[in-house]
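Okay, structure first, notes after.
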(Lines of atoms letter the chains of each structure in order from A and count residues from 1; the text may use other names and numbers.)
(Lines give C-alpha, C1' and ligand atoms only; values in the text may rest on other atoms or scores of the structure.)
Protein backbone atom coordinates (compact mmCIF):
# COMPACT_ATOMS: atom_id res chain seq x y z
CA UNK A 1 0.00 0.00 0.00
CA UNK A 2 1.28 3.46 -0.91
CA UNK A 3 0.11 6.40 1.24
CA UNK A 4 0.65 10.15 0.92
CA UNK A 5 0.32 11.82 4.33
CA UNK A 6 -0.60 15.43 3.47
CA UNK A 7 -0.42 17.99 6.29
CA UNK A 8 -0.37 21.76 6.85
CA UNK A 9 2.94 21.37 8.71
CA UNK A 10 6.17 19.40 8.88
CA UNK A 11 6.16 16.58 11.43
CA UNK A 12 9.54 17.09 13.09
CA UNK A 13 10.66 18.14 15.69
CA UNK A 14 7.86 17.17 18.07
CA UNK A 15 7.11 20.60 19.51
CA UNK A 16 3.29 20.72 19.17
CA UNK A 17 0.35 18.41 19.69
CA UNK A 18 -0.49 18.51 15.98
CA UNK A 19 3.02 17.38 15.07
CA UNK A 20 2.85 14.60 17.64
CA UNK A 21 -0.29 13.17 16.06
CA UNK A 22 1.04 13.54 12.51
CA UNK A 23 4.42 12.02 13.31
CA UNK A 24 3.17 9.05 15.29
CA UNK A 25 0.39 8.14 12.87
CA UNK A 26 2.77 8.44 9.89
CA UNK A 27 5.37 6.39 11.78
CA UNK A 28 2.86 3.67 12.58
CA UNK A 29 1.59 3.52 8.99
CA UNK A 30 5.18 3.39 7.69
CA UNK A 31 5.65 0.09 9.54
CA UNK A 32 3.17 -1.52 7.16
CA UNK A 33 3.11 0.64 4.02
CA UNK A 34 5.16 2.93 1.77
CA UNK A 35 4.46 6.35 3.32
CA UNK A 36 5.52 9.81 2.13
CA UNK A 37 4.83 12.74 4.44
CA UNK A 38 4.23 16.14 2.81
CA UNK A 39 3.66 19.50 4.48
CA UNK A 40 4.63 23.14 4.75
CA UNK A 41 8.00 24.00 6.26
CA UNK A 42 7.72 25.60 9.69
CA UNK A 43 10.91 27.59 9.20
CA UNK A 44 9.87 31.02 7.84
CA UNK A 45 13.30 31.34 6.23
CA UNK A 46 12.79 28.22 4.07
CA UNK A 47 13.06 29.05 0.36
CA UNK A 48 13.12 25.71 -1.40
CA UNK A 49 11.37 22.36 -1.44
CA UNK A 50 13.25 19.82 0.69
CA UNK A 51 13.02 16.04 0.68
CA UNK A 52 14.63 14.31 3.65
CA UNK A 53 14.36 11.50 6.16
CA UNK A 54 13.17 12.68 9.59
CA UNK A 55 12.18 11.23 12.95
CA UNK A 56 13.85 9.68 15.96
CA UNK A 57 15.33 6.96 13.74
CA UNK A 58 14.94 8.66 10.35
CA UNK A 59 11.90 6.52 9.65
CA UNK A 60 9.76 9.03 7.70
CA UNK A 61 10.31 10.29 4.14
CA UNK A 62 9.24 13.96 4.31
CA UNK A 63 8.72 16.63 1.65
CA UNK A 64 8.41 20.23 2.84
CA UNK A 65 7.31 23.24 0.80
CA UNK A 66 8.03 26.86 1.85
CA UNK A 67 5.09 29.01 2.91
CA UNK A 68 4.78 32.74 3.36
CA UNK A 69 3.75 34.00 6.79
CA UNK A 70 0.05 33.64 7.54
CA UNK A 71 -2.42 36.47 7.98
CA UNK A 72 -1.13 38.53 5.05
CA UNK A 73 -3.10 41.65 4.10
CA UNK A 74 -4.59 40.00 0.94
CA UNK A 75 -5.69 36.93 2.95
CA UNK A 76 -7.21 39.09 5.69
CA UNK A 77 -9.20 41.08 3.12
CA UNK A 78 -10.32 37.91 1.33
CA UNK A 79 -11.22 36.32 4.65
CA UNK A 80 -13.34 39.30 5.62
CA UNK A 81 -15.24 39.52 2.34
CA UNK A 82 -14.96 36.12 0.68
CA UNK A 83 -16.29 32.57 1.16
CA UNK A 84 -13.04 31.06 2.47
CA UNK A 85 -11.93 31.64 6.09
CA UNK A 86 -8.46 32.97 6.81
CA UNK A 87 -7.22 29.66 8.37
CA UNK A 88 -7.83 28.01 4.97
CA UNK A 89 -6.49 30.91 2.87
CA UNK A 90 -3.27 30.85 4.90
CA UNK A 91 -2.48 27.39 3.50
CA UNK A 92 -3.61 27.94 -0.11
CA UNK A 93 -0.47 28.46 -2.19
CA UNK A 94 0.56 27.90 -5.81
CA UNK A 95 3.90 26.24 -4.89
CA UNK A 96 2.14 23.60 -2.77
CA UNK A 97 -0.49 23.04 -5.44
CA UNK A 98 2.22 22.44 -8.05
CA UNK A 99 4.33 20.17 -5.83
CA UNK A 100 1.31 18.15 -4.72
CA UNK A 101 0.32 17.59 -8.35
CA UNK A 102 3.89 16.55 -9.18
CA UNK A 103 4.10 14.09 -6.29
CA UNK A 104 0.73 12.55 -7.12
CA UNK A 105 1.79 12.08 -10.75
CA UNK A 106 4.82 10.07 -9.62
CA UNK A 107 3.47 6.54 -9.76
CA UNK A 108 0.39 5.00 -8.23
CA UNK A 109 -1.03 6.05 -4.84
CA UNK A 110 -3.60 4.06 -2.88
CA UNK A 111 -4.49 6.62 -0.20
CA UNK A 112 -4.07 10.29 0.60
CA UNK A 113 -4.53 11.14 4.27
CA UNK A 114 -5.27 14.86 4.45
CA UNK A 115 -4.92 16.61 7.81
CA UNK A 116 -8.02 18.70 8.26
CA UNK A 117 -10.13 21.44 6.73
CA UNK A 118 -7.12 23.77 6.38
CA UNK A 119 -6.18 21.85 3.20
CA UNK A 120 -9.69 21.93 1.70
CA UNK A 121 -8.46 23.92 -1.34
CA UNK A 122 -6.29 21.00 -2.51
CA UNK A 123 -9.12 18.48 -2.92
CA UNK A 124 -9.42 19.11 -6.70
CA UNK A 125 -5.68 18.40 -7.11
CA UNK A 126 -5.99 15.12 -5.19
CA UNK A 127 -9.12 14.09 -7.07
CA UNK A 128 -7.34 14.84 -10.34
CA UNK A 129 -4.55 12.29 -9.69
CA UNK A 130 -4.47 9.61 -12.37
CA UNK A 131 -4.18 6.77 -9.83
CA UNK A 132 -7.42 7.96 -8.16
CA UNK A 133 -6.32 7.38 -4.56
CA UNK A 134 -8.86 7.16 -1.77
CA UNK A 135 -9.06 10.43 0.13
CA UNK A 136 -9.17 10.25 3.94
CA UNK A 137 -9.55 13.36 6.09
CA UNK A 138 -8.01 13.31 9.57
CA UNK A 139 -9.80 15.76 11.90
CA UNK A 140 -7.45 16.86 14.68
CA UNK A 141 -10.31 19.06 15.89
CA UNK A 142 -13.70 20.13 14.66
CA UNK A 143 -12.36 23.55 13.73
CA UNK A 144 -15.75 25.27 13.58
CA UNK A 145 -16.42 24.13 17.15
CA UNK A 146 -13.00 25.36 18.28
CA UNK A 147 -13.55 28.80 16.73
CA UNK A 148 -17.10 28.94 18.04
CA UNK A 149 -15.86 28.35 21.58
CA UNK A 150 -13.17 30.96 21.05
CA UNK A 151 -15.82 33.51 20.03
CA UNK A 152 -17.89 32.74 23.14
CA UNK A 153 -15.02 33.20 25.61
CA UNK A 154 -15.72 36.48 27.43
CA UNK A 155 -12.03 36.85 28.22
CA UNK A 156 -11.38 37.30 24.48
CA UNK A 157 -11.48 40.89 23.15
CA UNK A 158 -14.67 41.79 21.26
CA UNK A 159 -12.99 42.21 17.86
CA UNK A 160 -11.45 38.73 18.12
CA UNK A 161 -14.77 37.25 19.24
CA UNK A 162 -16.48 38.71 16.15
CA UNK A 163 -13.70 37.34 13.96
CA UNK A 164 -14.10 33.95 15.63
CA UNK A 165 -17.86 33.90 15.08
CA UNK A 166 -17.58 34.62 11.35
CA UNK A 167 -14.70 32.19 10.92
CA UNK A 168 -16.63 29.45 12.74
CA UNK A 169 -19.57 29.89 10.35
CA UNK A 170 -17.32 29.73 7.26
CA UNK A 171 -15.47 26.70 8.60
CA UNK A 172 -18.76 24.96 9.34
CA UNK A 173 -19.83 25.27 5.71
CA UNK A 174 -16.46 23.97 4.48
CA UNK A 175 -16.61 21.07 6.92
CA UNK A 176 -19.96 20.08 5.41
CA UNK A 177 -18.32 20.03 1.97
CA UNK A 178 -15.41 18.04 3.37
CA UNK A 179 -17.71 15.36 4.77
CA UNK A 180 -19.14 14.85 1.28
CA UNK A 181 -15.88 15.16 -0.66
CA UNK A 182 -13.78 12.54 1.16
CA UNK A 183 -14.11 8.76 1.04
CA UNK A 184 -13.68 8.40 4.81
CA UNK A 185 -12.75 10.39 7.89
CA UNK A 186 -10.69 9.94 11.06
CA UNK A 187 -11.63 11.66 14.32
CA UNK A 188 -10.07 11.66 17.78
CA UNK A 189 -13.11 10.52 19.79
CA UNK A 190 -16.58 9.00 19.70
CA UNK A 191 -17.92 12.39 20.73
CA UNK A 192 -16.59 14.01 17.54
CA UNK A 193 -17.79 11.08 15.44
CA UNK A 194 -21.34 11.62 16.77
CA UNK A 195 -21.19 15.36 16.01
CA UNK A 196 -20.07 14.80 12.41
CA UNK A 197 -22.55 11.97 11.79
CA UNK A 198 -25.33 14.30 12.91
CA UNK A 199 -24.25 16.61 10.09
CA UNK A 200 -23.77 13.88 7.45
CA UNK A 201 -25.28 10.52 8.51
CA UNK A 202 -23.89 8.74 5.43
CA UNK A 203 -20.27 9.70 6.07
CA UNK A 204 -17.75 6.94 6.84
CA UNK A 205 -16.14 8.04 10.10
CA UNK A 206 -13.56 6.03 12.06
CA UNK A 207 -12.19 6.85 15.51
CA UNK A 208 -8.38 6.99 15.57
CA UNK A 209 -7.77 8.64 18.90
CA UNK A 210 -4.77 10.60 20.01
CA UNK A 211 -2.18 8.50 21.73
CA UNK A 212 1.09 8.54 23.59
CA UNK A 213 4.46 6.82 23.38
CA UNK A 214 4.06 5.03 26.71
CA UNK A 215 7.56 3.54 26.78
CA UNK A 216 9.15 6.95 26.12
CA UNK A 217 7.26 8.89 28.78
CA UNK A 218 7.39 6.16 31.42
CA UNK A 219 11.17 5.82 31.23
CA UNK A 220 12.71 6.95 34.51
CA UNK A 221 11.17 7.07 37.97
CA UNK A 222 8.87 9.90 39.03
CA UNK A 223 10.48 11.79 41.93
CA UNK A 224 8.44 14.86 42.89
CA UNK A 225 10.63 17.85 43.66
CA UNK A 226 10.89 19.64 47.00
CA UNK A 227 9.18 22.05 47.37
CA UNK A 228 6.35 20.49 45.31
CA UNK A 229 5.82 21.62 41.73
CA UNK A 230 2.68 21.93 39.64
CA UNK A 231 3.20 21.78 35.86
CA UNK A 232 1.19 22.98 32.88
CA UNK A 233 2.64 21.95 29.50
CA UNK A 234 1.88 22.93 25.93
CA UNK A 235 2.70 25.25 23.04
CA UNK A 236 2.47 28.61 24.75
CA UNK A 237 1.73 30.63 21.63
CA UNK A 238 -1.54 28.72 21.04
CA UNK A 239 -4.56 30.79 22.06
CA UNK A 240 -6.21 28.00 24.10
CA UNK A 241 -3.04 27.41 26.13
CA UNK A 242 -2.48 31.14 26.62
CA UNK A 243 -6.01 31.49 27.99
CA UNK A 244 -5.52 28.43 30.24
CA UNK A 245 -2.23 29.69 31.69
CA UNK A 246 -3.60 33.16 32.41
CA UNK A 247 -6.82 31.72 33.88
CA UNK A 248 -4.94 29.37 36.21
CA UNK A 249 -2.42 32.02 37.29
CA UNK A 250 -5.02 34.69 38.03
CA UNK A 251 -7.97 32.72 39.39
CA UNK A 252 -6.71 29.36 40.70
CA UNK A 253 -3.09 29.90 41.71
CA UNK A 254 -3.86 32.52 44.41
CA UNK A 255 -6.13 29.98 46.14
CA UNK A 256 -3.42 27.30 46.02
CA UNK A 257 -0.54 29.57 46.95
CA UNK A 258 -2.50 31.05 49.84
CA UNK A 259 -3.00 27.59 51.34
CA UNK A 260 0.52 26.33 50.56
CA UNK A 261 3.05 29.18 50.14
CA UNK A 262 5.99 26.94 49.21
CA UNK A 263 4.33 25.42 46.12
CA UNK A 264 5.79 26.22 42.69
CA UNK A 265 3.92 26.48 39.38
CA UNK A 266 5.87 25.84 36.16
CA UNK A 267 4.52 26.75 32.72
CA UNK A 268 6.51 24.60 30.30
CA UNK A 269 6.26 25.01 26.55
CA UNK A 270 7.57 26.56 23.39
CA UNK A 271 7.27 30.18 22.22
CA UNK A 272 5.45 31.68 25.25
CA UNK A 273 3.32 34.67 24.27
CA UNK A 274 3.97 38.00 26.06
CA UNK A 275 0.98 37.53 28.34
CA UNK A 276 2.35 34.12 29.37
CA UNK A 277 5.88 35.43 29.97
CA UNK A 278 4.38 38.18 32.14
CA UNK A 279 3.04 35.54 34.55
CA UNK A 280 6.58 34.89 35.81
CA UNK A 281 6.25 38.14 37.80
CA UNK A 282 3.72 36.38 40.06
CA UNK A 283 5.21 34.80 43.18
CA UNK A 284 5.86 31.08 42.74
CA UNK A 285 5.35 31.01 38.95
CA UNK A 286 8.10 30.32 36.40
CA UNK A 287 7.89 30.19 32.59
CA UNK A 288 10.51 27.97 30.94
CA UNK A 289 10.01 28.54 27.23
CA UNK A 290 11.08 25.75 24.89
CA UNK A 291 12.61 22.71 26.59
CA UNK A 292 14.44 19.83 24.86
CA UNK A 293 12.65 17.09 26.80
CA UNK A 294 9.41 17.18 28.81
CA UNK A 295 10.16 14.04 30.80
CA UNK A 296 12.27 15.65 33.56
CA UNK A 297 9.49 18.16 34.20
CA UNK A 298 6.90 15.42 34.49
CA UNK A 299 9.14 13.40 36.82
CA UNK A 300 9.55 16.40 39.12
CA UNK A 301 5.85 17.29 39.18
CA UNK A 302 3.48 16.48 42.01
CA UNK A 303 0.48 17.36 39.82
CA UNK A 304 -0.03 18.21 36.15
CA UNK A 305 -2.83 20.71 35.53
CA UNK A 306 -4.84 21.19 32.33
CA UNK A 307 -6.98 24.31 32.97
CA UNK A 308 -8.33 24.64 29.42
CA UNK A 309 -11.48 26.69 28.81
CA UNK A 310 -11.46 26.75 24.98
CA UNK A 311 -10.40 24.28 22.33
CA UNK A 312 -11.52 21.05 20.69
CA UNK A 313 -10.14 17.56 20.12
CA UNK A 314 -8.21 15.37 22.54
CA UNK A 315 -5.33 16.81 24.57
CA UNK A 316 -2.11 14.86 24.20
CA UNK A 317 -0.69 16.61 27.27
CA UNK A 318 -3.16 14.69 29.44
CA UNK A 319 -2.07 11.35 27.99
CA UNK A 320 1.63 12.23 28.31
CA UNK A 321 1.28 13.13 31.98
CA UNK A 322 -0.57 9.90 32.74
CA UNK A 323 2.02 7.85 30.85
CA UNK A 324 4.72 9.59 32.91
CA UNK A 325 2.98 8.52 36.12
CA UNK A 326 1.81 11.96 37.27
CA UNK A 327 -1.69 12.67 38.65
CA UNK A 328 -3.76 15.03 36.49
CA UNK A 329 -6.32 17.69 37.39
CA UNK A 330 -8.18 19.17 34.42
CA UNK A 331 -11.21 21.15 33.45
CA UNK A 332 -13.94 18.98 31.90
CA UNK A 333 -13.16 20.45 28.48
CA UNK A 334 -9.51 19.45 28.84
CA UNK A 335 -10.45 15.77 29.04
CA UNK A 336 -12.85 15.65 26.08
CA UNK A 337 -12.28 12.56 23.98
CA UNK A 338 -10.58 10.54 26.73
CA UNK A 339 -12.42 7.49 28.03
CA UNK A 340 -11.66 7.71 31.75
CA UNK A 341 -13.30 7.15 35.12
CA UNK A 342 -13.65 10.33 37.17
CA UNK A 343 -11.69 10.21 40.42
CA UNK A 344 -9.96 6.95 39.53
CA UNK A 345 -7.87 7.86 36.45
CA UNK A 346 -7.84 11.65 36.83
CA UNK A 347 -9.81 14.47 38.44
CA UNK A 348 -11.86 17.17 36.74
CA UNK A 349 -12.93 20.48 38.27
CA UNK A 350 -15.18 23.06 36.64
CA UNK A 351 -14.47 26.12 38.80
CA UNK A 352 -11.42 27.72 40.47
CA UNK A 353 -12.32 26.67 44.01
CA UNK A 354 -12.82 22.99 43.15
CA UNK A 355 -9.71 23.02 40.98
CA UNK A 356 -7.56 24.43 43.76
CA UNK A 357 -9.00 21.94 46.28
CA UNK A 358 -8.23 18.99 44.00
CA UNK A 359 -4.64 20.12 43.45
CA UNK A 360 -4.01 20.70 47.16
CA UNK A 361 -5.50 17.32 48.05
CA UNK A 362 -3.05 15.54 45.74
CA UNK A 363 -0.08 17.61 46.90
CA UNK A 364 -0.86 16.97 50.58
CA UNK A 365 -1.80 13.29 50.21
CA UNK A 366 1.01 11.45 48.45
CA UNK A 367 -0.77 8.09 48.56
CA UNK A 368 -3.85 9.52 46.84
CA UNK A 369 -1.62 10.99 44.16
CA UNK A 370 0.14 7.66 43.62
CA UNK A 371 -3.21 5.83 43.29
CA UNK A 372 -4.44 8.30 40.69
CA UNK A 373 -1.15 8.21 38.79
CA UNK A 374 -1.07 4.39 38.70
CA UNK A 375 -4.64 4.15 37.41
CA UNK A 376 -3.97 6.81 34.78
CA UNK A 377 -0.91 4.98 33.52
CA UNK A 378 -2.81 1.69 33.34
CA UNK A 379 -5.46 3.44 31.26
CA UNK A 380 -3.04 4.80 28.65
CA UNK A 381 -1.19 1.47 28.45
CA UNK A 382 -4.46 -0.33 27.70
CA UNK A 383 -6.09 2.14 25.30
CA UNK A 384 -3.85 4.97 24.16
CA UNK A 385 -0.44 3.62 23.20
CA UNK A 386 0.39 4.66 19.62
CA UNK A 387 1.16 1.01 18.74
CA UNK A 388 -2.45 0.07 19.51
CA UNK A 389 -3.91 3.05 17.63
CA UNK A 390 -1.61 2.53 14.63
CA UNK A 391 -2.47 -1.14 14.25
CA UNK A 392 -6.19 -0.36 14.27
CA UNK A 393 -5.74 2.45 11.75
CA UNK A 394 -3.87 0.27 9.27
CA UNK A 395 -6.50 -2.42 9.64
CA UNK A 396 -9.14 0.18 8.74
CA UNK A 397 -7.11 1.27 5.70
CA UNK A 398 -6.74 -2.32 4.59
CA UNK A 399 -10.51 -2.53 4.38
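Numbering (the working numbering), first residue to last: 21 to 419.
Built from N, CA and C at the ideal position, the CB exists for glycine as well.
Everything numeric in this text was worked out from a predicted model, so none of it was measured.
With distances taken Cα to Cα, identify the nearest neighbour of residue 322 among 385, 360, 417 and 355.
Position 302 of the chain shown, counting from 1, holds the residue named residue 322. Residue 322 has its Cα closest to that of 385, out of 385, 360, 417 and 355.
Would you say the beta carbon of residue 132 is closer than 7 Å to some non-hydrogen atom of the ligand HEM?
As for the ligand HEM, it is missing from this structure, which has no ligand bound.
Tell me where the beta strand (DSSP E) around residue 70 begins and ends.
Numbered from 1 along the chain shown, position 50 holds the residue referred to as residue 70. Taken as a continuous stretch (DSSP letters only), the beta strand (DSSP E) holding residue 70 covers 70-74.
Whole angstroms is fine: what's the gap from residue 39's alpha carbon to residue 239's?
The residue given as residue 39 occupies position 19 in the chain shown. The residue given as residue 239 occupies position 219 in the chain shown. Roughly 21 Å separates the two Cα atoms.
Residue 54, enclosing beta strand (DSSP E) - first and last residue:
The residue labelled residue 54 in the question sits at position 34 within the chain shown. Counting along the chain, the beta strand (DSSP E) containing residue 54 begins and ends at 54-60.
If residue 164 and residue 195 are in contact, beta carbons under 8 Å, what's the gap, nearest whole angstrom?
As a working mapping, residue 164 is identified with position 144 in the chain shown. As a working mapping, residue 195 is identified with position 175 in the chain shown. That pair is a contact at about 6 Å.
Hey, residue 80 and residue 53 are a contact pair by Cβ (cut 8 Å); roughly how many whole angstroms apart?
Taking the first residue of the chain shown as 1, we reach residue 80 at position 60. Taking the first residue of the chain shown as 1, we reach residue 53 at position 33. Contact flag wrong, Cβ pair sits at about 12 Å.
When burial is assigned at 16 or more other CB atoms within 10 Å of the CB, is residue 389 buried or exposed?
Reading the chain shown from its first residue, position 369 is the one you call residue 389. Looking at its Cβ environment, which holds 16 or more other Cβ atoms inside 10 Å, residue 389 is buried.
Suppose only complete runs of 3+ residues qualify. What are the beta strand (DSSP E) ranges in the segment 123-167, listed by chain order?
131-134 and 154-158
Rounding to the nearest angstrom, what Cα-Cα distance links residue 362 and residue 71 in this structure?
Within the chain shown, residue 362 is the residue found at index 342, counting from 1. Within the chain shown, residue 71 is the residue found at index 51, counting from 1. Whole-angstrom Cα-Cα distance: 46 Å.
Please determine, among 159, 168 and 125, the residue with the shortest C-alpha to C-alpha distance to residue 151.
By one-based count along the chain shown, residue 151 stands at place 131. Checking every option, the nearest Cα to that of residue 151 belongs to 125.
Roughly how many angstroms lie between the CA atoms of residue 144 and residue 344, to the nearest whole one?
Counting from one through the chain shown, the residue named residue 144 turns up at place 124. Counting from one through the chain shown, the residue named residue 344 turns up at place 324. If you take the alpha carbons of residue 144 and residue 344, they lie about 43 Å apart.
Might you give, ordered along the chain, the residues of its own chain that have their beta carbon closer than 8 Å to the beta carbon of residue 69, omitting 5 neighbours on each side?
Taking the chain shown and counting its residues from 1, one reaches residue 69 at position 49. Result list for residue 69: 83, 84, 85, 86, 115 and 119, in chain order.
Within 10 Å of its beta-carbon, does residue 21 have 16 or more other beta-carbons around it, so buried, or fewer, so exposed?
Position 1 of the chain shown holds residue 21. So residue 21 ends up on the exposed side.
So residue 373 is in the alpha helix (DSSP H); what residue range does that whole segment cover?
Position 353 of the chain shown, counted from the first residue, corresponds to residue 373. Counting along the chain, the alpha helix (DSSP H) containing residue 373 begins and ends at 372-384.
Supposed contact pair residue 131 and residue 167 - C-beta distance, whole angstroms, cut 8 Å:
Taking the chain shown and counting its residues from 1, the one referred to as residue 167 is at position 147. Taking the chain shown and counting its residues from 1, the one referred to as residue 131 is at position 111. Contact doesn't hold; Cβ gap of about 29 Å is too wide.
Looking at the unbroken alpha helix (DSSP H) that takes in residue 443, where does it start and where does it end?
As shown, the chain starts at 21 and ends at 419. That puts residue 443 outside it, with no answer to give.
Distance CB(residue 111)-CB(residue 139) smaller than 8 Å:
Position 91 of the chain shown holds residue 111. Position 119 of the chain shown holds residue 139. Contact annotation: residue 111 and residue 139 have beta-carbon atoms nearer than 8 Å.
Thinking just about the alpha-carbon of each residue, which of 58, 133 and 129 is nearest to the one in residue 153?
Here the question's residue 153 lines up with position 133 in the chain shown. Per the Cα distances, 129.
Where does residue 28 land, buried or exposed, given buried means 16+ other C-beta within 10 angstroms?
To locate residue 28, count along the chain shown from 1; it is residue 8. Buried, by the Cβ-count rule.
May I ask you to list the residues that DSSP assigns as paired with residue 249?
Numbered from 1 along the chain shown, position 229 holds the residue referred to as residue 249. For residue 249, which the question treats as bridged, DSSP gives the partners 284.
Can you give me the C-alpha to C-alpha distance between residue 208 and residue 133, rounded to a whole angstrom?
Counting from one through the chain shown, the residue named residue 208 turns up at place 188. Counting from one through the chain shown, the residue named residue 133 turns up at place 113. Residue 208 and residue 133 have their C-alpha atoms some 15 Å from each other.
For residue 309, count the other beta carbons within 10 Å of its own beta carbon; 16 or more makes it buried, fewer makes it exposed. Which is it?
Within the chain shown, the letter at position 289 stands for residue 309. By the neighbour-count rule (16 or more Cβ atoms within 10 Å), residue 309 is not buried but exposed.
Per DSSP, residue 362 forms a beta bridge with which residues?
As a working mapping, residue 362 is identified with position 342 in the chain shown. Partner(s): 366.
Three-pair Cβ contact test at 8 Å for the segment 286-299 versus the segment 238-258:
Between the segment 286-299 and the segment 238-258 there are three or more inter-stretch CB-CB distances shorter than 8 Å, so the stretches are counted as touching.
Helix, strand or coil for residue 257, going by three-state DSSP, please let me know.
Start at 1 with the first residue of the chain shown, and residue 257 comes out as number 237. Correct three-state label for residue 257: coil.
N- and C-terminal bounds of the alpha helix (DSSP H) containing residue 408
The residue given as residue 408 occupies position 388 in the chain shown. First-last of the alpha helix (DSSP H) with residue 408: 406-418.
Quick one: measure Cβ to Cβ for residue 392 and residue 367, integer angstroms, because I've assumed they're closer than 8 Å.
Mapped onto the chain shown, residue 392 falls at position 372. Mapped onto the chain shown, residue 367 falls at position 347. The Cβ separation is near 7 Å, so the contact holds.
Output the distance between the C-alpha atoms of residue 401 and residue 395, rounded to the nearest integer angstrom.
If you number the chain shown from 1, residue 401 lands on position 381. If you number the chain shown from 1, residue 395 lands on position 375. So the two alpha carbons sit approximately 10 Å from each other.
Could you check whether residue 341 and residue 330 sit closer than 8 Å to each other, using their CB atoms as the reference points?
Locating residue 330 in the chain shown gives position 310, counting from the first residue. Locating residue 341 in the chain shown gives position 321, counting from the first residue. No, these two residues do not count as a Cβ contact at 8 Å.
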